[in-house]
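Working notes for the structure below.
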Amino acid sequence: MDGRWVLHFDMDAFFASVEQLTRPTLRGRPVLVGGLGGRGVVAGASYEARVFGARSAMPMHQARRQVGAAAVVLPPRGVVYGVASRRVLETVRAVVPVLEQLSFDEAFGEPAELVGATAAEVEAFCEDLRARVRSETGLVASVGAGSGKQIAKIASDLAKPDGVRVVDRATEKAVLAGLPVRRLWGIGPVAEDRLHRLGIDTIGALAALADSEVADVLGGTVGPALHRLAQGIDDRPVAERSSSKQISSESTFPEDLTTIGQLREAVGPIGEHAHSRLLRDGRGARTVTVKMKKSDMSTLTRSATLPYATDDAATLTATARRLLLDPIEVGPIRLLGVGFSGLSDVQQESLFPDLEQTLETADGVPATHEAAAASAAASGSPAAGWRIGDDVTHESYGHGWVQGAGHGVMTVRFETRGTGPGPARTMPVDTPEVRRANPVDSLDWPDFVGALTDDDQS
1 MDGRWVLHFD MDAFFASVEQ LTRPTLRGRP VLVGGLGGRG VVAGASYEAR
51 VFGARSAMPM HQARRQVGAA AVVLPPRGVV YGVASRRVLE TVRAVVPVLE
101 QLSFDEAFGE PAELVGATAA EVEAFCEDLR ARVRSETGLV ASVGAGSGKQ
151 IAKIASDLAK PDGVRVVDRA TEKAVLAGLP VRRLWGIGPV AEDRLHRLGI
201 DTIGALAALA DSEVADVLGG TVGPALHRLA QGIDDRPVAE RSSSKQISSE
251 STFPEDLTTI GQLREAVGPI GEHAHSRLLR DGRGARTVTV KMKKSDMSTL
301 TRSATLPYAT DDAATLTATA RRLLLDPIEV GPIRLLGVGF SGLSDVQQES
351 LFPDLEQTLE TADGVPATHE AAAASAAASG SPAAGWRIGD DVTHESYGHG
401 WVQGAGHGVM TVRFETRGTG PGPARTMPVD TPEVRRANPV DSLDWPDFVG
451 ALTDDDQS
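Quick note on numbering: the UniProt record's numbering labels position 159 of the sequence shown as 159, and the sequence is numbered without any gaps.
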């Protein structure tokens with residue numbers, strides 16, 4: 001293992017970058033991708049938005065406030081990110097055949113030809129790889145390299161944005177030593193707090209402890225493994241990963257929740273966090289499960305299965321809300337979790353992707369996203385069919401996206417990755433020449449998308 005080099009490949013601000021790629025007018029502007037409603041969470045933020053302090057997993061209302069009027073807020077387009085991810089990773093696999101994919105936008109590789117290479121040779125390899133990805137896809141990546149996964153991932157973080165960082169064996173301990181202990185793989189908030197109380201704030205301070213001390217603080221199983229990582233010892237192999245069977249998120253509350261209203265409020269951000277992970281995984285979910293742990297530590301779970309796999313946040317979160325039980329009937333709730341399973345490549349987009357918020361039915365139970373939109377459409381509301389970010393096509397102007405809609409009119413920007421910044425047109429919302437479009441067409445990769453379709457059918 002002495003001569004190995006592990007690479008960590010990480011796309012920069014992936015969701016927002018794909019939006020800027022396919023909607024060229026947004027390049028250089030602060031873009032926020034995520035839930036548009038009051039409980040929405042940021043799934044991705046462009047570097048222009050991060051300057052203002054916006055970041056992933058932040059409540060959308062907070063991110064919008066920090067960025068200000070310049071913020072461009074868009075709903076996620078999971079199917080587009082999935083296709084973009086697939087092309088990026090196929091480009092990388094042409095150079096690094098074995099990849100351990102962590103998510104839509106990051107993966108480990110261990111190229112056989114780099115065994116025993118110098119740091120300069122590794123840097124040149126990484127730069128060539130980044131150049132190939134940019135040329136093939138138009139997207140930007142950062143690459144880190146080191147003797148193991150831990151140091152490679154830290155190196156790619158240090159390389160961001162749009163860079164390469166190679167940490168050789170002579171300097172890796174010095175690089176690790178000054179970093180916050182939370183940067184170490186496997187250190188979560190609980191372990192971090194435990195270490196901070198003992199005055200251990202950096203990876204170097206953790207590495208300096210004796211094995212027995214680490215075991216006392218972090219446990220006899222996890223402690224030694226983390227201690228080795230802190231010392232720069234990481235011999236974990238790079239291997240293709242099997243797909244996860246479930247994606248979930250949960251939260252324990254400082255005080256037990258005692259009303260259904262509190263549960264409905266709490267399930268929003270928990271579901272959004274799980275949805276962000278689902279987007280990064282690149283698949284849709286058919287089954288939604290809600291987990292409720294009571295104050296007596298007993299656990300209640302309820303599940304519902306949808307007719308098709310979806311990555312639509314509103315559909316999944318609305319389903320989770322419908323599964324909640326009233327604490328007045330079952331007792332106070334101390335922990336709430338939302339899980340998605342039945343994972344597969346998304347087979348069908350939401351039938352009505354226009355309303356990101358659910359409607360309340362007569363009995364007070366939230367309706368599904370699709371039912372809400374169908375209700376709005378049936379009411380005759382002319383704007384029921386359009387929301388900001390929707391992909392459309394016009395008989396004369398081609399592919400575009402909705403920049404704004406209201407008062408019976410909508411503004412559409414007609415552009416794709418291949419066109420460059422395009423013109424905006426304002427027209428009535430019921431203009432017959434305007435139809436819904438496949439969001440993937442905004443990538444303007446007909447040959448690649450056609451090949452994907454052929455593969456799926458064969």
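Note that CB positions come from ideal geometry on N, CA and C, so glycine has one too.
query: Can at least three beta-carbon pairs, one atom from the region 316-329 and one from the region 264-278, be found at a separation below 8 Å?
result: yes
query: Span of the beta strand (DSSP E) holding SER295?
result: Position 295 of the sequence shown, counted from the first residue, corresponds to residue 295. It is not in any beta strand (DSSP E) - SER295 carries neither H nor E in the DSSP assignment.
field: PRO97 versus PRO111 - alpha carbon distance
entry: What you label residue 97 is simply residue 97 of the sequence shown in a count that begins at 1. What you label residue 111 is simply residue 111 of the sequence shown in a count that begins at 1. In a straight line, the C-alpha of PRO97 is about 8 Å away from that of PRO111.
field: DSSP-derived helix/strand/coil call for ILE247
entry: Locating residue 247 in the sequence shown gives position 247, counting from the first residue. The answer is strand: DSSP assigns ILE247 an E or B state.
- request: Whole angstroms is fine: what's the gap from VAL143's alpha carbon to GLY404's?
  value: Within the sequence shown, numbered from 1, the residue matching residue 143 stands at position 143. Within the sequence shown, numbered from 1, the residue matching residue 404 stands at position 404. So the alpha carbons of these two residues sit roughly 37 Å apart.
message: Counting C-beta neighbours from all protein chains within 10 Å, is the total for SER17 16 or more, i.e. buried, or is it exposed?
response: Position 17 of the sequence shown, counting from 1, holds the residue named residue 17. Buried.
query: What is the rounded straight-line gap between the Cα of GLU395 and the Cα of THR416?
result: By 1-based counting over the sequence shown, the position of residue 395 is 395. By 1-based counting over the sequence shown, the position of residue 416 is 416. Rounded to whole angstroms, GLU395 to THR416 spans 15 Å at the Cα level.
Alpha carbon of ASP326 to alpha carbon of THR258, nearest angstrom: The count along the sequence shown starts at 1 and reaches residue 326 at position 326. The count along the sequence shown starts at 1 and reaches residue 258 at position 258. Our two residues, ASP326 and THR258, have alpha carbons roughly 8 Å apart in a direct line.
message: If distances are taken between C-alpha atoms only, which option among ALA57, THR137 and SER212 comes closest to TRP445?
response: The count along the sequence shown starts at 1 and reaches residue 445 at position 445. Measuring from the Cα of TRP445, the nearest candidate turns out to be THR137.
- request: Note down, in chain order, each residue of its chain lying with its Cβ closer than 6 Å to the Cβ of LEU343, except the 5 sequence neighbours on either side.
  value: Here the question's residue 343 lines up with position 343 in the sequence shown. For LEU343, where only same-chain residues beyond five positions count, the Cβ hits under 6 Å are ARG283 and ALA285.
message: Looking only at its chain, what residues have a beta carbon closer than 6 Å to the beta carbon of SER381, apart from the 5 residues adjacent to it on each side?
response: Position 381 of the sequence shown, counting from 1, holds the residue named residue 381. Only weak support exists for where SER381 lies, its pLDDT of 35 falling under 50; the coordinates are left without a value.
field: ALA43 beta carbon less than 9 Å from that of ALA54
entry: Indexing the sequence shown from 1 puts residue 54 at position 54. Indexing the sequence shown from 1 puts residue 43 at position 43. Their beta carbons are not under 9 Å apart, which means ALA54 does not touch ALA43 by this criterion.
- request: Take every Cβ of the region 331-338, pair it with every Cβ of the region 291-306, and state whether three or more of those distances are shorter than 8 Å.
  value: yes
field: Per-residue DSSP class, three states only, for GLY261
entry: Within the sequence shown, the letter at position 261 stands for residue 261. If DSSP states are grouped into helix, strand and coil, GLY261 belongs with the helices.
query: Under 9 Å, do VAL6 and ALA117 count as touching if we go by C-beta distance?
result: The residue given as residue 6 occupies position 6 in the sequence shown. The residue given as residue 117 occupies position 117 in the sequence shown. No, the Cβ-Cβ distance between VAL6 and ALA117 is not below 9 Å.
- request: Identify whether THR287 lies in helix, strand or coil by the three-state DSSP scheme.
  value: As a working mapping, residue 287 is identified with position 287 in the sequence shown. In the structure shown, THR287 sits in a strand (DSSP, three-state: E or B).
message: Cutting at 6 Å between CB atoms, please list the residues of its own chain near ALA313, excluding the five before and the five after it.
response: Here residue 313 is taken as the residue at index 313 of the sequence shown, counted from 1. Hits under 6 Å: GLY35 and HIS275.
query: In this structure, does DSSP put PRO366 in helix, strand or coil?
result: In the sequence shown, counting from the first residue as 1, residue 366 sits at position 366. Confidence at PRO366 is low in this model, with a pLDDT of 34, below 50, so its placement is unreliable and the value that follows should be read with caution. Note: PRO366 maps to strand in three-state DSSP.
- prompt: Taking buried to mean at least 16 other C-beta atoms within 10 Å of its own C-beta, is SER298 buried or exposed?
  reply: Against the sequence shown, residue 298 aligns to sequence position 298. The residue in question, SER298, is exposed, as its Cβ has fewer than 16 Cβ neighbours within 10 Å.
query: Quick one: Cα of GLY232 to Cα of VAL166, how far?
result: Locating residue 232 in the sequence shown gives position 232, where the first residue counts as 1. Locating residue 166 in the sequence shown gives position 166, where the first residue counts as 1. Rounded to whole angstroms, GLY232 to VAL166 spans 14 Å at the Cα level.
task: For ALA145, write down the residues that DSSP places opposite it in a beta bridge.
output: Within the sequence shown, residue 145 is the residue found at index 145, counting from 1. According to DSSP, which records beta bridges pairwise, ALA145 is partnered with LEU7 and VAL166.
message: Check this for me: beta carbons of ARG92 and LEU102, under 9 Å apart or not?
response: Start at 1 with the first residue of the sequence shown, and residue 92 comes out as number 92. Start at 1 with the first residue of the sequence shown, and residue 102 comes out as number 102. According to the sequence provided, residue 92 is Val. The question's Arg does not apply to it. Not closer than 9 Å, so no.
query: Touching or not, the region 24-32 and the region 65-85, by the rule of three or more beta carbon pairs under 8 Å?
result: yes
When ALA266, TYR308, VAL51 and VAL214 are compared against GLU250, the one with the closest alpha-carbon: Residue mapping note: residue 250 aligns to position 250 of the sequence shown, counting from 1. Comparing Cα-Cα distances from GLU250 to each of ALA266, TYR308, VAL51 and VAL214, the minimum goes to ALA266.
task: With DSSP collapsed to three states, give me the class of PHE52.
output: Along the sequence shown, read from residue 1 onward, the residue named residue 52 stands at position 52. If DSSP states are grouped into helix, strand and coil, PHE52 belongs with coil.
- request: Could you work out which residue in PRO432, ARG86, THR287 and GLN262 is closest to ALA451 when comparing CA atoms only?
  value: Here the question's residue 451 lines up with position 451 in the sequence shown. The shortest C-alpha separation from ALA451 is found at ARG86.
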